[in-house]
Amino acid sequence: TLHGTEKFVNGFHASKSVTSTWPNTKTTKNKEIIMSGLNVSHEGEYYCYYRYNDTTDQMSFQLQLTITAPFSKPS
(Lines of atoms letter the chains of each structure in order from A and count residues from 1; the text may use other names and numbers.)
(Lines give C-alpha, C1' and ligand atoms only; values in the text may rest on other atoms or scores of the structure.)
Protein backbone atom coordinates (compact mmCIF):
# COMPACT_ATOMS: atom_id res chain seq x y z
CA THR A 1 0.00 0.00 0.00
CA LEU A 2 1.24 3.46 -0.82
CA HIS A 3 -0.69 6.27 0.86
CA GLY A 4 -3.49 3.79 1.68
CA THR A 5 -3.83 2.45 -1.88
CA GLU A 6 -2.61 -0.93 -3.11
CA LYS A 7 -0.47 -0.54 -6.24
CA PHE A 8 1.57 -3.09 -8.16
CA VAL A 9 5.27 -2.14 -8.24
CA ASN A 10 7.07 -5.02 -9.96
CA GLY A 11 7.35 -8.78 -9.78
CA PHE A 12 7.93 -12.21 -11.27
CA HIS A 13 5.67 -14.87 -12.71
CA ALA A 14 6.73 -18.40 -13.64
CA SER A 15 4.88 -18.50 -16.97
CA LYS A 16 3.57 -14.99 -17.78
CA SER A 17 5.27 -11.71 -18.57
CA VAL A 18 4.72 -8.94 -16.05
CA THR A 19 3.53 -5.54 -17.30
CA SER A 20 2.51 -2.22 -15.73
CA THR A 21 5.58 -1.96 -13.51
CA TRP A 22 6.87 1.26 -12.02
CA PRO A 23 9.42 2.78 -14.43
CA ASN A 24 11.97 3.30 -11.64
CA THR A 25 12.04 -0.42 -10.72
CA LYS A 26 13.64 -3.49 -12.20
CA THR A 27 13.96 -7.14 -11.29
CA THR A 28 17.05 -9.35 -11.38
CA LYS A 29 17.63 -13.03 -12.11
CA ASN A 30 18.14 -13.45 -8.35
CA LYS A 31 14.49 -12.37 -7.87
CA GLU A 32 15.41 -9.01 -6.36
CA ILE A 33 13.48 -5.83 -6.99
CA ILE A 34 15.66 -2.74 -7.35
CA MET A 35 14.06 0.67 -6.85
CA SER A 36 15.86 3.88 -7.84
CA GLY A 37 15.12 7.58 -7.91
CA LEU A 38 13.06 7.36 -4.74
CA ASN A 39 11.98 10.29 -2.62
CA VAL A 40 10.18 10.75 0.69
CA SER A 41 6.77 10.32 -0.99
CA HIS A 42 7.70 6.65 -1.66
CA GLU A 43 8.02 5.91 2.06
CA GLY A 44 5.48 3.55 3.54
CA GLU A 45 4.31 -0.03 3.84
CA TYR A 46 4.96 -2.42 1.00
CA TYR A 47 3.91 -6.05 0.80
CA CYS A 48 5.65 -8.89 -0.98
CA TYR A 49 3.22 -11.55 -2.18
CA TYR A 50 4.53 -14.91 -3.32
CA ARG A 51 3.38 -18.39 -4.17
CA TYR A 52 5.39 -21.52 -4.81
CA ASN A 53 4.74 -23.39 -8.08
CA ASP A 54 3.45 -26.50 -6.30
CA THR A 55 0.76 -24.76 -4.22
CA THR A 56 -2.15 -22.36 -4.60
CA ASP A 57 -1.56 -20.80 -1.17
CA GLN A 58 -0.47 -17.18 -1.43
CA MET A 59 1.92 -15.94 1.25
CA SER A 60 3.08 -12.43 2.02
CA PHE A 61 5.28 -10.34 4.22
CA GLN A 62 5.30 -6.64 5.00
CA LEU A 63 8.17 -4.23 4.38
CA GLN A 64 8.51 -0.71 5.74
CA LEU A 65 10.41 1.54 3.32
CA THR A 66 12.19 4.51 4.87
CA ILE A 67 14.06 6.99 2.67
CA THR A 68 17.28 8.49 4.01
CA ALA A 69 19.81 10.67 2.25
CA PRO A 70 22.98 12.54 3.11
CA PHE A 71 22.37 16.17 3.94
CA SER A 72 24.29 19.19 5.13
CA LYS A 73 23.41 22.21 7.20
CA PRO A 74 22.17 25.07 4.99
CA SER A 75 24.62 27.96 4.75
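Position 71 of the sequence shown, counted from 1, bears residue number 71 in UniProt numbering, the numbering being contiguous throughout.
For each residue, glycine too, the CB sits at the ideal point set by N, CA and C.
Spatial neighbours of Met-35 within its chain, please: CB distance less than 7 Å, with the 5 preceding and 5 following residues excluded, ordered by chain position. Cβ neighbours of Met-35 beyond the five flanking positions: Asn-24 and Thr-25.
Residue of Gln-64, Trp-22 and Pro-70 minimising C-alpha distance to Glu-45: Taking only the C-alpha atoms, the option nearest Glu-45 is Gln-64.
So, for Gln-62: in the same chain, excluding its five sequence neighbours on each side, which residues have a beta-carbon less than 7 Å away from its beta-carbon? The residues Glu-45 and Tyr-47, in chain order, have a CB closer than 7 Å to that of Gln-62 in the same chain once the five nearest residues on each side in sequence are set aside.
Give me the Cα-Cα distance between Lys-31 and His-13, rounded to the nearest whole angstrom. When rounded, the distance between both Cα atoms is 10 Å.
Name the one or two DSSP bridge partners that Glu-45 has. Residue pairing by DSSP places Glu-45 opposite Gln-64 in a beta bridge.
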